[in-house]
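Residue numbers (our numbering), protein chains in the order written: chain A, 405 to 618; chain B, 405 to 618. Each remark here refers to the structure printed beneath this line.
Number of protein chains: 2
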Amino acid sequence: MTRVRVHNFSISLDGYGAGPRQTREEPLGVGGEALHDWFVQTRAFQRINGKTGGTTGADDDMAARFGEGVGAFIMGRNMFGPIRGAWPDDAWRGWWGKNPPYHVPVFVLTHHPRSPIEMEGGTVFHFVTDGPREALRRATEAAAGKDVQIGGGVATIRQYLGAGLIDELHVAIAPRLLGSGEHLLHGLDLPALGYECTTHTPTAAATHVVLTRS
Amino acid sequence: MTRVRVHNFSISLDGYGAGPRQTREEPLGVGGEALHDWFVQTRAFQRINGKTGGTTGADDDMAARFGEGVGAFIMGRNMFGPIRGAWPDDAWRGWWGKNPPYHVPVFVLTHHPRSPIEMEGGTVFHFVTDGPREALRRATEAAAGKDVQIGGGVATIRQYLGAGLIDELHVAIAPRLLGSGEHLLHGLDLPALGYECTTHTPTAAATHVVLTRS
Chain A
405 MTRVRVHNFS
415 ISLDGYGAGP
425 RQTREEPLGV
435 GGEALHDWFV
445 QTRAFQRING
455 KTGGTTGADD
465 DMAARFGEGV
475 GAFIMGRNMF
485 GPIRGAWPDD
495 AWRGWWGKNP
505 PYHVPVFVLT
515 HHPRSPIEME
525 GGTVFHFVTD
535 GPREALRRAT
545 EAAAGKDVQI
555 GGGVATIRQY
565 LGAGLIDELH
575 VAIAPRLLGS
585 GEHLLHGLDL
595 PALGYECTTH
605 TPTAAATHVV
615 LTRS
Chain B
405 MTRVRVHNFS
415 ISLDGYGAGP
425 RQTREEPLGV
435 GGEALHDWFV
445 QTRAFQRING
455 KTGGTTGADD
465 DMAARFGEGV
475 GAFIMGRNMF
485 GPIRGAWPDD
495 AWRGWWGKNP
505 PYHVPVFVLT
515 HHPRSPIEME
525 GGTVFHFVTD
535 GPREALRRAT
545 EAAAGKDVQI
555 GGGVATIRQY
565 LGAGLIDELH
575 VAIAPRLLGS
585 GEHLLHGLDL
595 PALGYECTTH
605 TPTAAATHVV
615 LTRS
């Protein structure tokens, strides 16, 4: 049975998953990058990015669930890149270089059609123009019994959360304030949607919680 | 120099300081009481309530700052009691019995005048009808060089935070979801107001942060 999971989604103390004024230089907005300090230092992060080293421990244990048993990813168009509106050409192929850290099909939500892009290492970007449910249907099919992981960003996770379509959401609360930007949970009544906090693992770098839908 | 402090203010993972449907039986709304599980077990909580026992450790260390060096308290009318509108009589004297845990003057924000109430143990409730700044002026005067602590609830803290009048705010994030109720920080841009996170002490029961205004 395919589960729909989110991992390593960092928010600030005041609940923002991205800061204000997102640009190509600061794709997570002003202050947004610092939300991931707990993640960047882990062995899992280094491995995901094809490197060695990094810390072990509770942060790494949480981080390491990224991609584990995952057969397809879904992400929003703003997580795929900084381009808005119609695709001007085929030059933009994601933030991650030739060999992205997904290694399975990735379904990108967009209003603008584009042909699939086959990258090195098994990642294929598919562009889905008929909405989040259709993206999930295609991702579930592609995952062939494995899980589907939703990468982000905030708007994409909010869409799936609000529809009750996420089974498991790992949120890392970083000890930072952003003040404005994209708020992850505002206006979403998670208990009413069936979610509860099933894991609580605080570390010096972040408070990890897993919200699970029953 | 008098500082204005908040201690032991518990919020849920989704940012609520009180749950929905507040009643006399559930003054913190549905689910709100559970936000304080980390606090109730501490030695400081037992001491504040005139008892002995309780846990020591990081939760207790944070909790114990309640009242320390504090010469006056401020609280909102809904924290003082469940009565709304004009006072029907003088019967309601707070939730805390004959000897409340304040032992100094307490300034209660209300739109409805009422004579001061002198309790056992040094607590005197004063009712302030001319707004939060006047309450702070009177509390600062009464504190005579000691600090002023703002007790709550959410609406009161939001008023003082939004005006940049709180110097130090200890928030305990409990591993619970409330889904709705009174949100502590929504719409308040804390970095723009000069606040940053200066202490981050996660425990198994709560994530303690101190937000300080520079």
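No residue lacks a Cβ here, since even glycine has one placed at the ideal position from N, Cα and C.
Legend entry - Per-residue DSSP class, three states only, for Q450/A: helix
Inset, instruction - Could you tell me which residues DSSP puts in a beta bridge with S414/A? - result: A576/A
Legend entry - Nonlocal neighbours in the same chain, by C-beta distance under 8 Å from T406/A, ignoring five residues either side: G475, T544, A547, G549, K550, D551, V552
Legend entry - Distance CB(M483/B)-CB(N503/B) smaller than 8 Å: no
Inset, instruction - Quick one: list the residues of chain B neighbouring H604/A, beta-carbon separation under 7 Å, in chain order. - result: P579
Inset, instruction - Can you have a look at T385/A and say buried or exposed, based on whether 16 or more other CB atoms are within 10 angstroms of its CB? - result: A query on residue 385/A cannot be resolved here, the shown segment of chain A reaching from 405 to 618 and no further.
Inset, instruction - Just the chain B side, please: which residues come within less than 7 Å of G583/A by C-beta, in chain order? - result: D593, L594, P595, A596
Legend entry - Cα-Cα separation, G423/B to L592/A: 14 Å
Inset, instruction - Locate the alpha helix (DSSP H) running through M479/B, then write down its first and last residues. - result: Unbroken run through M479/B is the beta strand (DSSP E), 474–480; no alpha helix (DSSP H).
Legend entry - Minimum Cβ-Cβ distance from H590/A to chain B less than 8 Å: yes
Legend entry - Where the beta strand (DSSP E) through A547/B begins and ends: Counting along the chain, A547/B falls outside any beta strand (DSSP E), though it belongs to the alpha helix (DSSP H) covering 536–547.
Legend entry - Through-space distance from L588/B to V408/B, alpha-carbon basis: 17 Å
Legend entry - Cross-strand partners of H612/A (DSSP beta bridge): A576/A, T605/A
Legend entry - Residue range of the unbroken beta strand (DSSP E) whose run includes A422/B: 420–422
Inset, instruction - Excluding the 5 residues preceding and the 5 following R469/A in the sequence, name in chain order all residues of the same chain whose CB lies nearer than 6 Å to its CB. - result: H411
Legend entry - Per-residue DSSP class, three states only, for T514/B: coil
Inset, instruction - Flag E600/A as yes if its beta-carbon sits less than 8 Å from any beta-carbon of chain B, otherwise no. - result: yes
Legend entry - Local Cβ density within 10 Å of P606/B, reported as buried at 16 or more and exposed below that: buried
Inset, instruction - Could you work out which residue in V614/A, L594/A, G525/A is closest to I577/A when comparing CA atoms only? - result: V614/A
Legend entry - CA-to-CA distance, R425/B to G585/B, given in whole angstroms: 8 Å
Inset, instruction - Would you check if there are 3 or more beta carbon pairs closer than 8 Å linking the segment 528–540 of chain B to the segment 507–515 of chain B? - result: yes
Inset, instruction - Give the interface partners of D418/A over in chain B, defined as CB-CB distance under 7 Å, in chain order. - result: L589, L594
Legend entry - Where G583/A sits in the DSSP three-state scheme: coil
Inset, instruction - Determine whether the Cβ of V528/A lies closer than 8 Å to any Cβ atom of chain B. - result: no
Legend entry - DSSP-derived helix/strand/coil call for Q426/A: coil
Legend entry - Contact with chain A by L565/B, beta-carbon distance below 8 Å: no
Inset, instruction - Could you give the DSSP three-state label for L562/B: helix, strand or coil? - result: It should be noted that the sequence gives Arg, not Leu, for residue 562/B. In this structure, R562/B counts as helix in the three-state DSSP scheme.
Legend entry - R488/B to R428/B span [Cα, whole Å]: 11 Å
Inset, instruction - Assign S618/B to one of two classes, buried (16 or more other C-beta atoms within 10 Å of its C-beta) or exposed (fewer than that). - result: exposed
Legend entry - Same chain, Cβ closer than 6 Å to T603/A, neighbours up to 5 away in sequence not counted: V614
Inset, instruction - Would you mind giving the Cβ-Cβ distance between L582/A and P595/B, rounded to the nearest angstrom? I have them listed as a contact below 8 Å. - result: 7 Å
Legend entry - Separation of D465/B from F529/B, as counted between CA atoms: 28 Å
Legend entry - Span separating the alpha-carbon of S519/A from that of E472/A: 27 Å
Inset, instruction - Let me know if E572/B comes out buried or exposed under the rule of 16 or more other beta-carbons within 10 Å of its beta-carbon. - result: buried
Legend entry - Neighbourhood of R580/B by C-beta, 7 Å cutoff - its chain only, sequence neighbours within 5 removed: S416, L417, G435, A438, L439
Legend entry - Opposing strand residues paired with H409/A [DSSP bridges]: Position check: residue 409/A holds Arg in this sequence, whereas His was assumed. According to DSSP, which records beta bridges pairwise, R409/A is partnered with Q553/A, E572/A.
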